[in-house]
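Asker: So that we are looking at the same thing, I have put the structure below in structure tokens.
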Amino acid sequence: MMNKGGKIEPEAKSSTTGTSNTDFPVSVSSDTTKPNLAINDIKPFIPTVLDTNNTLFFKDADGRNLQLRGVNVSGSCKLPVNKPSHEPNAFFDDTNVTFVGRPFPLSEADEHLGRLRHWGFNFLRYCIAWEAIEHAGPGIYDVEYLEYVVSVLQKCKEYGFYVFIDPHQDVWSRFSGGSGAPGWTLRLVGFDPSHFGATAAAIVHNTFHEPSAFPRMIWPSNYDKLACATMFTCFFGGSIFAPSCNIKDEITGEQVNIQEYLQSHYINSVCQLTQRIKAAGGLEDVCVVGYDTFNEPHHGWIGVHSVDAIPEDALTRNGLVPTPFQSMLLGEGLPTAAQVWGMSWRGFIQMGTKKVDPGGTRAWKDDSSCIWAREGVWDISTQKVLRPNHFAVNSETGKMVDFYDDCFKPFVRKYTSAIRSIHNTAVIFVEPPVMVMPPKFNKEKGDPTDRIVYAPHWYDGMTLFNKSFNRNYTVDVVSLKYKLITNPLLGIRVGEAGIKACFKNQLDIVRRYGHENLGVIPTVMGEIGIPFDMDDKAAYASGDYSNQVAALDASMHALESNMLSFTLWNYATENTHMWGDGWNGEDLSLFSRSVPRKLAKLAVNVPVANDENTETTTSTTNHVYQYPTSPTPQPAKITIVDDYDEGGRALPAFVRPYAIATPGIPTKFSFDMATATMRYTFTTTPATASKSHICEFYLPKRHYPSHQDTEVITSSGRYCIDIEKQRLYWVLAAGEDGASITENSILVRRKSAVSATRARSTSSRGVAAKDPAEQNEYICPGCIIL
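Our numbering puts the first residue of the sequence shown at 1, with every later residue one more than the last.
Printed below as a string of structure tokens:
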């Protein structure tokens, strides 16, 4: 048990004797003074079919709660091979491209997957683009790419990764400034993508006049511009808002609405991969667990009350911000003045206005007219709005449109049904629009409610858009977006402690609303990360990544405090200091080819003893980790140089310990990076007990390089550490029948780091610092026994 001060006290009763299941043949002794477990007595966690129903955490076959930590692979999947977003040549040749080699060549899979496992990751969000599968034309699938993806997934299985497939997009397509859909989808509704720049229908890096000066984080502004807004409106609500836009189906020969056509082709392209994964055998469930619905979906102009005003819920107001009607005018080649916005200390503000003259160039093909003029929204000849609330009213019901009920949920039902007709146990990762509360699912209306996961995204907007980590203050954007507060001044939080608390609170709000609206299901933060090119890339010249480490540590703290599984954004194998991830100036990759080799070192002064890598631990009656005294340890400098760490950035912030599998309900977690102090608590009852009594931890050498310098304190049971495999195994005693709630706690810390921190604090303040292990820990709200 843990007392009020945070120290762990011995239990009053001795633990009973028992055995684990056959997969973990370890007997549990009540005599804790005898030698603890031997490494070869432990079998590490092996991926099994995940359970996601009626649980806030993923569960393995033994009923243990899992922490899935991973990364997106990768940002490079947005673009074809040799087609970075800063390269204008052959940009519009969109049929003769290949994505084979995204996220990395198959020949490099061992290197990259080995590195990610070394860093403690066990979960991958595997990014694919619709364009990668169906770029050559409707119904023409790139079989070579599909076979390549299956080969990479087989490698992922070899390395023990869980994977979920992410059909990735950003602002619809790379031809409208992002990634995702094939170019033919834009031409299908009448667009000429080569005219998007002149008509302000989209701002595109590949066609920008000076690629190296492309405005930072300008690409999200495309969501509310003509090209992207039109495509999303047609995709999710074409039958409601563009009923006259019909396309001849190439298979049936019948005319179908643009919504049906686009959705069917999107879903069929993903199912092409699903079918090949199934045919390969051995990948479903134990490796490929499921599918994301749609990366960062957007409502387009659906729900906009007036085309004469900037949408209230515009994702970002940055750069030129035309109203929907102004976008339509520009699309027809008509000169128009629109507002210009920029970033300030209090967020985006209007900076002025700008007149844009396309000079008669139209966003539409010569043989096509504006789709919205055809639908009667406006009149080209008079340049007048005819139906300002066109996108606010459901033309099929006459009622105000509800994006979730009328558009998004019907799509999710259709998508889920198609995926599960092939992979019937697939987990569906439900992803709502960015910074929007999730929908409420209703089983009676056909919404999927079993084997689903809530998969939102979150970034600290100030850090992301400014490319700088402000240690003085931040803003609670989630509370503002969710309308929990209305005054931005009420959302300001100051100081590093305040910033960390603010991040933690925002993720707590996101998580709680997911549970309220979608049910008792796991939450995976599908994207979260930081820009590494902070402060005009100062770290690349100085080698000082302290700001990046602090920023990423704050995000990791928020994830851990809320007990969230996650996939960081991102791991891009072609990242360079010059062009970042190779897409729109973003530079968020944990890995970079530009990081000098042999710099990823960790040097510590520790005593050295024989055979430290597979040493058996012992426990005293107060359960404190002890080290051998023979032979006499001699001071020595150990320098750990892991080849896998080469290319890594801000490693101390994301390579951190965690509980991989827990035989109980997690309730508290904290990790202090400065002292390498991890504290973890979970509860058990007869009703929640798992078949296994083993709690398995990832224990990185980066923070715990030796047995001698690692201290472990547990509330009960026995444990062992494998330094080389970076694992700690803690075996609990079997609980007594009818026992009440039992709290199990463990503390792991690096002794030298704790001592150094206390010494520095004493020297600077003249008083002894409080032991970090004795500080109160954050209790995860909502992590209750169900």
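Glycine residues also receive a C-beta, built at the ideal position from the N, C-alpha and C atoms. Quick caveat: nothing in here was measured; it's all calculated off a predicted structure.
How many angstroms separate the CA atom of I723 from the CA atom of A753?
Answerer: Near 18 Å, if we compare the C-alpha coordinates of A753 and I723.
Asker: Going residue by residue through the stretch 225 to 305, where are the continuous beta strand (DSSP E) segments of at least 3 residues, counting only ones entirely within it?
Answerer: Taking only runs of at least 3 residues, the beta strand (DSSP E) segments lying wholly in the stretch 225 to 305 are 246 to 248, 255 to 257 and 288 to 292.
Asker: Taking the C-alpha atoms as reference points, what is the distance between G178 and S690?
Answerer: Computed Cα separation, rounded: 45 Å.
Asker: Taking C-alpha atoms, which residue in S716, R656, A674 and H703 lies nearest to T683?
Answerer: Nearest of S716, R656, A674 and H703 to T683, Cα basis: S716.
Asker: Can you say whether D93 is buried or exposed, counting buried as having 16 or more other CB atoms within 10 angstroms of its CB?
Answerer: Classification for D93: exposed.
Asker: Could you compute how far the alpha carbon of S755 sits from the alpha carbon of H515?
Answerer: One C-alpha to the other measures close to 42 Å.
Asker: Mind checking K78: buried by the 16 CB within 10 Å criterion, or exposed?
Answerer: It is buried - the Cβ of K78 has at least 16 other Cβ atoms within 10 Å.
Asker: Between A572 and G139, is the Cβ-Cβ spacing less than 8 Å?
Answerer: Cβ distance not < 8 Å, so A572 and G139 don't count as in contact.
Asker: Note down, one range per segment and in chain order, each alpha helix (DSSP H) of at least 4 residues found wholly within the stretch 361 to 415.
Answerer: As far as the stretch 361 to 415 is concerned, its whole alpha helix (DSSP H) runs of at least 4 residues are 371 to 374.
Asker: If you draw a straight line from the C-alpha of D357 to the C-alpha of V436, how long is it?
Answerer: So the two alpha carbons sit approximately 35 Å from each other.
Asker: From P700, S692 and I665, pick the residue whose C-alpha is nearest to that of T677; which is it?
Answerer: Comparing Cα-Cα distances from T677 to each of P700, S692 and I665, the minimum goes to P700.
Asker: Determine the direct distance from the alpha carbon of R718 to that of L50, and round the result to whole angstroms.
Answerer: Each residue's alpha carbon lies about 27 Å from the other.
Asker: Report buried or exposed for P432, applying the criterion of at least 16 other Cβ atoms within 10 angstroms of its Cβ.
Answerer: Buried is the call here.
Asker: To the nearest angstrom, how far is the alpha carbon of V385 from that of D308?
Answerer: V385 and D308: Cα-Cα distance of roughly 8 Å.
Asker: Can you tell me whether V81 is helix, strand or coil according to DSSP?
Answerer: Coil, per DSSP.
Asker: For A550 and R471, which I take to be in contact (beta-carbon distance under 8 Å), what is that distance rounded to the nearest angstrom?
Answerer: Right, the Cβ-Cβ distance comes to about 7 Å (below 8 Å), so this counts as a contact.
Asker: Using 8 Å as the threshold, is the C-beta distance between A661 and R64 below it?
Answerer: Yes, the pair counts as a contact, with Cβ atoms nearer than the cut-off.
Asker: Could you check the C-alpha separation between A373 and Q383 for me, to the nearest Å?
Answerer: Each residue's alpha carbon lies about 10 Å from the other.
Asker: Please check the pair I165 and D313, which I expect to be a contact at CB under 8 Å, by giving their CB distance rounded to whole angstroms.
Answerer: Contact doesn't hold; Cβ gap of about 29 Å is too wide.
Asker: I need the DSSP call for T639, collapsed to helix, strand or coil.
Answerer: Bear in mind that a pLDDT of 36 at T639, under 50, signals an unreliable position, so the number given afterwards is only what the model happens to contain. Strand, per DSSP.
Asker: Once the 5 residues before and after W579 are set aside, which same chain residues still bring their CB inside 7 Å of it?
Answerer: Within the same chain, W579 has close Cβ partners P84 and H86.
Asker: Cβ atoms of A363 and G331: under 8 Å apart, would you say?
Answerer: Contact: yes.
Asker: Helix, strand or coil: how does DSSP classify Q835 here?
Answerer: Here the chain comprises residues numbered 1 to 786, so residue 835 is not present and cannot be evaluated.
Asker: At the level of alpha carbons, what is the spacing between C407 and Q708?
Answerer: If I take the Cα positions, the gap works out to 59 Å.
Asker: Is DSSP giving W730 helix, strand or coil here?
Answerer: Of the three classes helix, strand and coil, the one that applies to W730 here is strand, per DSSP.
Asker: Here's the rule: buried if 16 or more other CB atoms are within 10 angstroms of the residue's CB, otherwise exposed. What is Q255?
Answerer: So Q255 counts as exposed.
Asker: Under the assumption that V655 contacts G190 (Cβ atoms under 8 Å), give the Cβ distance between them as a whole number of angstroms.
Answerer: Contact flag wrong, Cβ pair sits at about 50 Å.
Asker: Can you tell me whether L484 is buried or exposed, with buried defined as 16 or more other CB within 10 angstroms of its CB?
Answerer: Classification for L484: exposed.
Asker: Can P215 and R346 be called in contact, C-beta distance under 8 Å?
Answerer: Cβ distance not < 8 Å, so P215 and R346 don't count as in contact.
Asker: On the DSSP bridge assignment, give the partners of S670 in chain order.
Answerer: Looking at the DSSP assignment, S670 forms a beta bridge with R679.
Asker: For S561, is the classification buried or exposed, using 16 other Cβ atoms within 10 angstroms of its Cβ as the cut-off for buried?
Answerer: So S561 counts as buried.
Asker: Does the stretch 194 to 201 touch the stretch 128 to 148, meaning 3 or more C-beta pairs lie closer than 8 Å?
Answerer: Not touching, per the Cβ criterion.
Asker: Assign E131 to one of three DSSP states: helix, strand, or coil.
Answerer: Helix at E131.
Asker: Applying the 10 Å Cβ sphere with the 16-neighbour rule, what's the burial state of E696?
Answerer: Its Cβ being crowded by 16 or more others within 10 Å, E696 is buried.
Asker: Taking P167 as part of the beta strand (DSSP E), name the residues at either end of that continuous run.
Answerer: That run of the beta strand (DSSP E) goes Y162 to H168.
Asker: Could you tell me which uninterrupted alpha helix (DSSP H) segments, each at least 4 residues in length, are contained entirely in the stretch 195 to 219, listed from first to last along the chain?
Answerer: You should have 196 to 199.
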